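Residue numbers (UniProt numbering): 1 to 561.
Worksheet: the structure to be examined is printed underneath.
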């Protein structure tokens, strides 16, 4: 088994007739999925998603894949293939199109419709779009693409087969093998088996649930649980789920009708996405069930259902504002029921539990995955992955989509079925398929690209570290005025603190050591303000660490008078 190595150097030029795979995001993390495939000097991109920030990304709105390795070669991009419409697979597309606006976009009907609304939000003209469905074949330059139906937690998901002179690649995208899907669209195992008989040279497989034994629970098993929740509740019900989870919304609508309740959507993305799904026929809304969310308040509580965004505890989401009593028109009452019909995305645990505690404090009955079967995963568990390996019989396997532990577990499954060559890579680790063998050949530099308001990519890891220090350790400024001729301190040091210790007396013991250090530095030949500032920083830093066991941000200012 191959492993990424920190000492990998830049890869050599791709051998003639070889296929290069460059993961730009999504390997070693759950989010910002994007992979570049290179053949004969041309590039094909698969997915372009975002990663949502965690607590250690203060001030960040979104995290993008790193386009830098392909930025100078965007003219060589033949197309961007989008496997399905989740944010972690399409959310960064507008940012890519800002760099080259005419990249052809390839995806299913629902995927392109969800992306289209996103492009309009970004005020981007819609580029050439190619709507595809399972069973179709389309060619872009040297890449011949075929599409295979897969089941996931959003309709219209597709796996993609990439044919080049180097061999056949099968990329599953996100998938599972639900045998009783709500829309009747199962993962096409017949096609997987046919491809296996033909010969798959490289199999890129979803790793998210590789550590979970058995098979993922069917979506149909949730309906009886929702029925039970509705039967027990005699007040308002709020259901929070992903704004793209059409199947879950359909289940809630059906149960609401059965119990004589009206339904309203809360949250801009929920309203937008469900309108698209209904218009395209993916969501069936029974007549008379939908009302504007604000109008629900005119009905008795036992006839109200709200379907809301915010199942991941996003601070500005509808559910978070409801939990904080800051929503403009939804006000929780004692005895209301809140259903969190979603899984926990890694990194969101604290945010979700804060929301659950806030709702419970207000007297709500909170139903979530921890105490009821109100959500099932959209990803294949270990049993399903084993089944796929046995019917596809790939020559090489490259786990994708997941944290490193997930990919390692997926790799172990592949080896257990007899796959001889399994390549475990991370973002930036380059894999070449040459003469039927996939192997790691080097590494390109990729990192997190932070979106902060209107700023894209200007926030560095160093800036993020500074933000974390400010948030966790506090801030100290030290202002000293020195004589421009003698270098002697004539005023100060004046010390200001935020988030550390704000009592003036706290700093009395360090004032004289600062003065002594400056005088000593001047005597040793320090003759500019920068050198004196560094002297102040060192003295204060050592004192704070020794006396208070803290490492605040220290900003020294030395003024010559």
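Backbone N, C-alpha and C define an ideal beta-carbon position, used for all residues, glycine too.
Only a predicted model underlies this, so the values are computations on that prediction, with no experimental measurement involved.
DSSP, read as helix, strand or coil, puts residue 208 in coil.
Within its own chain, the residues whose Cβ lies closer than 7 angstroms to the Cβ of residue 36, once the five positions on either side in sequence are excluded, are 22, 24, 43, 45, 70, listed in chain order. Distance between residue 189 and residue 434, taken at the CA atoms: about 27 angstroms. Residue 177 carries a coil assignment under DSSP once its states are collapsed to helix, strand and coil. Looking from the CA of residue 11, the closest CA among 34, 38, 30, 26 belongs to 38. Scanning the stretch 347 to 393 from its first residue to its last, the whole alpha helix (DSSP H) runs of 4-plus residues come out as 349 to 361, 382 to 392.
Residue 238: not part of any alpha helix (DSSP H); member of the beta strand (DSSP E) spanning 237 to 240, first to last residue.
Here the stretch 135 to 146 makes no contact with the stretch 117 to 125; the two share fewer than three CB pairs at distances below 8 angstroms.
Of the residues 91, 240, 430, the one whose Cα lies closest to the Cα of residue 446 is 430. An exposed status is given to residue 516, since fewer than 16 other beta-carbon atoms sit within 10 Å of its beta-carbon. As summarised for the stretch 274 to 315, the continuous beta strand (DSSP E) elements at least 3 residues long and confined to that stretch are 304 to 308, given in chain order. The beta carbon of residue 283 lies closer than 7 angstroms to those of 246, 249, 250, 274, 277 in the same chain, with the five residues before and after it left out. When 74, 323, 384, 386 are compared, the shortest CA-CA separation from residue 357 is found for 323. DSSP places residue 196 in the helix class (H, G or I) of the three-state scheme. Per DSSP, the unbroken beta strand (DSSP E) holding residue 432 starts and ends at 429 to 434. When the beta-carbon positions are compared, residue 28 and residue 295 stay at least 8 angstroms from each other.
The alpha-carbon separation between residue 126 and residue 535 amounts to approximately 56 angstroms. In the DSSP assignment, residue 411 falls outside any beta strand (DSSP E) and within the unbroken alpha helix (DSSP H) covering 404 to 416. Residue pairing from DSSP places residue 163 in a beta bridge opposite 144, 168.
Boundaries of the alpha helix (DSSP H) around residue 529: 529 to 548.
If you ignore the 5 residues before and after residue 336, its C-beta comes within less than 6 angstroms of the C-beta of 235, 236, 364, all in its own chain and listed in chain order.
Residue 312 and residue 343 have their C-alpha atoms spaced approximately 8 angstroms apart. Between residue 330 and residue 266, the gap from beta carbon to beta carbon is short of 8 angstroms. The C-beta of residue 396 has 16 or more other C-beta atoms within 10 Å across all chains shown, which makes the residue buried.
At least 8 angstroms separates the beta-carbon of residue 204 from that of residue 150. Between the beta-carbon of residue 159 and that of residue 140 there is about 17 angstroms, and that puts the pair past the 8 angstroms contact cut.
The straight-line gap separating the alpha-carbon atoms of residue 498 and residue 185 is approximately 57 angstroms. In this model, residue 376 and residue 412 are separated by some 24 angstroms (Cα to Cα).
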